[in-house]
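Numbering (UniProt numbering), first residue to last: 1 to 344.
Ideal Cβ positions, reconstructed from N, Cα and C, are used throughout, including at glycine.
To keep things clear, I will list the structure first and then write my remarks on it.
This is the structure:
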């Protein structure tokens with residue numbers, strides 16, 4: 001059955017999977033138990049990211065007996081960001097929920113996040129906060145705390161727990177963001193850049209009981225590099241001249257002052273040809289000019305990108321008069337029979 005021919009569900013749950021064969025049956029069971037008692041129709045997009053432990057075969061087996069499970073199979077291991085994006089590209093619900101497949105997130109907390117979105121129109125994204133983390137390894141706790149503070153400070157999106165995979169979004173926010181590389185860690189920052197209003201709620205966290213953790217302390221260095229990209233993306237994506245040109249002016253200013261001082265020295269009859277300071281001044285001015293030119297080229301490329309691709313420079317939402325009517329009953333969404341989708 002083609003999933004696109006069935007009515008769209010209320011909620012699309014996206015779970016990236018990599019070598020979690022032992023957790024899959026319990027994961028599917030617990031997600032079903034959590035959602036079947038709710039007034040939402042739902043689908044589960046289980047994205048297998050090139051697993052080598054039999055997860056693909058297990059998903060096919062589970063999908064045969066679970067009508068609301070839609071497996072998505074990637075050709076090889078692309079990484080968590082690509083797996084999430086593959087799921088985001090296929091969601092159909094008005095709400096989107098993400099969580100990990102290792103059962104450290106609690107599926108029973110999904111209704112908690114959805115209820116916040118359903119009852120609070122001023123919230124577009126609800127991020128889980130593992131207030132009582134059950135990770136025993138210091139190699140996971142310490143880097144996570146450092147990363148959370150660093151990311152919050154640099155991006156201005158203040159969350160206790162950027163690393164919690166359990167999150168819920170309104171569909172328009174998901175439609176506005178794209179994940180590349182390893183940017184899944186920065187989804188709240190990307191969502192904020194797309195206009196999302198974000199809140200955080202405490203959720204339960206469990207120790208891993210099966211499978212092997214895919215994270216280590218080495219990811220801290222990758223987080224720092226990705227953070228530089230995110231800060232640039234959020235602040236200077238539409239004005240690269242301010243980034244490159246600003247840095248260029250900072251270099252040109254001391255370089256110009258050095259050269260002016262050396263000119264005065266030269267005019268007084270002293271030789272400046274053998275002074276290292278001359279080389280420093282010339283290099284600073286040349287580097288500054290190059291950065292300003294790079295900023296100008298970036299400005300032209302930015303305009304070509306937006307004008308030729310039709311990509312919006314901003315996101316907006318227009319309200320009709322009926323949206324402000326008091327005591328307006330919520331829209332009714334008929335339950336949707338889900339279908340199995342297997343994409344190779």
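- Cα atoms of residue 53 and residue 59: separation of roughly 12 Å, rounded to the nearest angstrom.
- In the structure shown, residue 58 falls within a helical segment according to DSSP collapsed to helix, strand and coil.
- Residue burial is scored here from C-beta neighbours: residue 304 has fewer than 16 other C-beta atoms within 10 angstroms and is therefore classed as exposed.
- In this structure, residue 16 lies near residue 84, with their beta-carbon atoms less than 8 Å apart.
- Under the Cβ criterion (8 Å, minimum of three pairs), the segment 241 to 251 does not count as touching the segment 161 to 176.
- Annotation for residue 12: the continuous beta strand (DSSP E) segment containing it runs 11 to 17.
- The alpha carbon of residue 101 has as its nearest neighbour, out of 90, 162, 27, the alpha carbon of 27.
- Annotation for residue 29: no beta strand (DSSP E) segment contains it, though the alpha helix (DSSP H) segment containing it runs 24 to 36.
- Put simply, the backbone Cα of residue 25 is about 7 Å away from that of residue 62.
- Where residue 127 is concerned, there is no enclosing alpha helix (DSSP H), although the beta strand (DSSP E) around it starts and stops at 125 to 129.
- In the three-state reduction of the DSSP assignment, residue 111 falls in the helix class.
- In the three-state scheme derived from DSSP, where H, G and I count as helix and E and B as strand, residue 205 is classed as strand.
- Counting only residues of its own chain and dropping the five nearest sequence neighbours on each side, residue 302 has a CB closer than 7 Å to the CB of 238, 240.
- The beta-carbon distance between residue 145 and residue 182, rounded to whole angstroms, is 19 Å. This is too long to meet the 8 Å contact definition.
- A residue is called buried when at least 16 other Cβ atoms come within 10 angstroms of its Cβ; residue 129 meets this threshold and is buried.
- Measuring C-alpha to C-alpha distances from residue 8 to each of 44, 254, 266 identifies 44 as the nearest.
- For residue 45, the uninterrupted beta strand (DSSP E) run begins and ends at 42 to 48, by DSSP.
- Within the same chain, and ignoring the five residues on either side of residue 77 in sequence, the residues whose Cβ sits closer than 6 Å to its Cβ are 49, 50.
- Ranked by how close their Cα comes to the Cα of residue 175, the residues 249, 120, 87, 246 have 87 in first place.
- Distance between residue 114 and residue 57, taken at the CA atoms: about 31 Å.
- Listed as beta-bridge partners of residue 70 by DSSP are 45.
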